[in-house]
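Counting in our numbering, the sequence shown runs without a single skipped number right up to 302 at its last residue.
Ideal placement from N, C-alpha and C gives every residue a C-beta, glycine not left out.
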Amino acid sequence: MRAGRLGAAAAALLLGGLLAGCGSSDDGEEGEEPATTTGSSGTPVASVADLDGTTYESTSVEGHELVPGQPVRIVFDGDTMSVSAGCNTLFGEYELSDGSLGWAGDPASTMLACEPELADQDAWLTELFTAGVDATSDGSTLTLTSGDVVIELADVAEANLDELLGRTWTVRGIVEDGVTSRVPSGVRNPRLEVGKDGLSRLDTGCNAGRTTVTVGEDFLTFGHPAVTRQACPGAAGGVEQAVLAVVDGRSDHVWYRAATLVVTKGNRGLVFEVR
């Protein structure tokens, strides 16, 4: 069961209020001219269309030491590329020219708090794809090269909604009329603790309760939530209303990549971090 697509432009729009552009560093070293890929029999990737709908995960990296247990994961959806390596997801439009792949502009990033080493890894990836990498493919293998850095990635199955079961979903953003905002300061982040059977504990940011999650081919259906009746003053009340408006009934759209899940219903939506 594959994750339904909002489309690259729609997903970027919904996440826009939650995400912030990541600028590249100006202190990158100017080294020798990048050499062509060595030890690879792959051919240069010719166009964006060749990568559309694919997901890759790194199997080896030379010239840079990754944080242990945190491979690079790249998803291509239309002209949008999303990149993650253990904490935030970087995404934005990308372009291919003469086999060189890179961001078409400043990428956006989810705004999760990261351990320093993971934050440094995010910054490295941003700079790497801002400068551009040579991209070659050989069957199910994608090789990205920039100077001494060589990243070998294997094609992996596209994320599917079944993977959401047995996980914890934490709300990081609230969507209303196409505009996304963060959970207000002072309000705890709502969450769903989803069992493998779909039975779920719900925290609205104020009240607690239960619901169910049913996975469809490209949609999610939530059971009518039963929650406690504690009064939720101020911002907490608004957050709870936003959560209950989405976590009740069938979703209209679902977008799921790496650890980021966007669920919309009508003019409302929620951006979850899935762990």
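Proximity winner among the options, relative to residue i (alpha-carbon distances)
i, options, result
"valine 198", "Pro95, Tyr283 and Pro217", "Pro217"
"leucine 128", "Gly222, Glu92 and Thr163", "Thr163"
"isoleucine 201", "Lys223, Glu142, Glu300 and Ala73", "Glu300"
"leucine 231", "Trp130, Gly276 and Leu271", "The sequence given here has threonine at residue 231, not leucine. Here the closest residue by C-alpha is Leu271."
"valine 266", "Val110, Val183, Glu203 and Thr81", "Glu203"
"serine 111", "Ala131, Phe156 and Ala73", "Phe156"
"tryptophan 282", "Glu179, Ala150, Ser109 and Asp165", "Ser109"
"methionine 138", "Gly132, Cys114 and Leu191", "Cys114"
Opposing strand residues paired with residue i [DSSP bridges]
i, result
"tryptophan 130", "Tyr121"
"asparagine 115", "Partner(s): none; asparagine 115 has no beta bridge."
"glycine 276", "Phe249"
"leucine 93", "Looking at the DSSP assignment, leucine 93 forms no beta bridge with any residue, so it has no partner."
Distance, residue j Cα to residue i Cα
i, j, result
"arginine 215", "glycine 126", "46 Å"
"serine 208", "leucine 288", "15 Å"
"glycine 105", "leucine 78", "8 Å"
"serine 85", "proline 98", "6 Å"
"leucine 210", "glycine 296", "In the sequence as presented, leucine is not what sits at residue 210; that position holds valine. Distance between the alpha carbons of valine 210 and glycine 296: 13 Å."
"cysteine 259", "cysteine 233", "6 Å"
"threonine 153", "valine 254", "42 Å"
"serine 87", "glycine 96", "12 Å"
"valine 221", "glycine 205", "26 Å"
"glycine 193", "valine 242", "12 Å"
"aspartate 224", "threonine 70", "44 Å"
Proximity below 9 Å, CB of residue i to CB of residue j
i, j, result
"alanine 181", "tyrosine 83", "yes"
"glutamate 89", "valine 176", "yes"
"glycine 246", "valine 240", "Checking the displayed sequence, the identity of residue 246 turns out to be phenylalanine instead of glycine. No."
"leucine 219", "serine 212", "no"
"glutamine 148", "valine 94", "yes"
"alanine 135", "phenylalanine 118", "yes"
Extent of the continuous beta strand (DSSP E) run through residue i
i, result
"threonine 163", "160 to 165"
"glycine 296", "295 to 301"
"valine 289", "287 to 292"
"threonine 195", "195 to 203"
"valine 72", "Taken as a continuous stretch (DSSP letters only), valine 72 belongs to no beta strand (DSSP E), as it is neither H nor E."
"leucine 188", "From DSSP, leucine 188 is part of no beta strand (DSSP E); its letter is neither H nor E."
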